[in-house]
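Structure record follows, encoded as structure tokens.
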Amino acid sequence: MNNRIKYFICLLLLNTAWTGPSMAQLEPSSTSLFPVIRNNKWGFMDVSGQIRIAPHFDLAKEFCDGLAPAKIAGQWGFIDSSGKFVIEQSFSDAGVFSEGLAQVKLNGKWGYINKSGTLVIEPTYDLVTAKSENSFSE
Numbered sequence: 054m055n056n057r058i059k060y061f062i063c064l065l066l067l068n069t070a071w072t073g074p075s076m077a078q079l080e081p082s083s084t085s086l087f088p089v090i091r092n093n094k095w096g097f098m099d100v101s102g103q104i105r106i107a108p109h110f111d112l113a114k115e116f117c118d119g120l121a122p123a124k125i126a127g128q129w130g131f132i133d134s135s136g137k138f139v140i141e142q143s144f145s146d147a148g149v150f151s152e153g154l155a156q157v158k159l160n161g162k163w164g165y166i167n168k169s170g171t172l173v174i175e176p177t178y179d180l181v182t183a184k185s186e187n188s189f190s191e
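Using the working numbering, you'd call the opening residue of the sequence shown number 54 and step up by one each time.
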């Protein structure tokens with residue numbers, strides 16, 4: 054197999070495997086915060102590279118709908134752009150918000166919460182996926 058074909062296949066596999074935010078989601082704005090790791094702790098920087106939330110989380114995911122899932126001492130909660138937990142750490146796993154809902158795992162089962170932290174779909178599912186376009190539509 055020639056190098057050009059190998060290169061194309063690698064690009065195709067990388068594109069297929071990409072599960073992070075789309076490039077449109079990474080488009081900078083004055084309030085954009087991006088996860089960073091320093092000394093094995095997660096925090097957030099702004100588009101200029103300035104640390105805005107000091108790295109102190111065990112794990113964190115990107116901000117969506119104004120909140121980001123963050124993990125401390127084995128429990129996930131959701132922080133605002135100041136780094137304050139606005140939904141307390143009470144979940145064994147969590148996904149990002151999309152259209153006001155986020156996946157959360159409690160007692161080994163998945164459900165969904167709203168931005169107030171209220172369970173709107175009880176955790177009764179073995180597996181849930183991130184909301185995709187039209188997945189909640191009738």
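Positions of the beta carbon are idealized from the N, C-alpha and C atoms, including for glycine.
Contact under 9 Å by Cβ, LYS168 with ALA147:
One thing to note: LYS168 has its Cβ no nearer than 9 Å to the Cβ of ALA147.
Please report the distance separating the alpha-carbon of ILE106 from that of LEU154.
Straight-line Cα distance between these residues: approximately 23 Å.
Cβ neighbours of PHE116 in the same chain (closer than 6 Å, five flanking residues each side left out)
Around PHE116, the same chain offers LEU86 as residues with beta carbons nearer than 6 Å, after the five sequence neighbours per side are excluded.
Counting along the chain, where does the beta strand (DSSP E) carrying LEU120 start and finish?
Looking at the DSSP string, LEU120 is not in any beta strand (DSSP E), and its letter there is neither H nor E.
With a threshold of 8 Å on Cβ separation, who are the neighbours of LYS114 within its own chain once the five nearest residues in sequence on each side are excluded?
Taken in chain order, the residues that qualify are PRO88, ALA121, PRO122, ALA123, ALA147, GLY148 and VAL149.
Would you tell me roughly how many angstroms separate the C-alpha atoms of GLU152 and GLY170, rounded to the nearest one?
Going from the Cα of GLU152 to the Cα of GLY170 covers about 14 Å.
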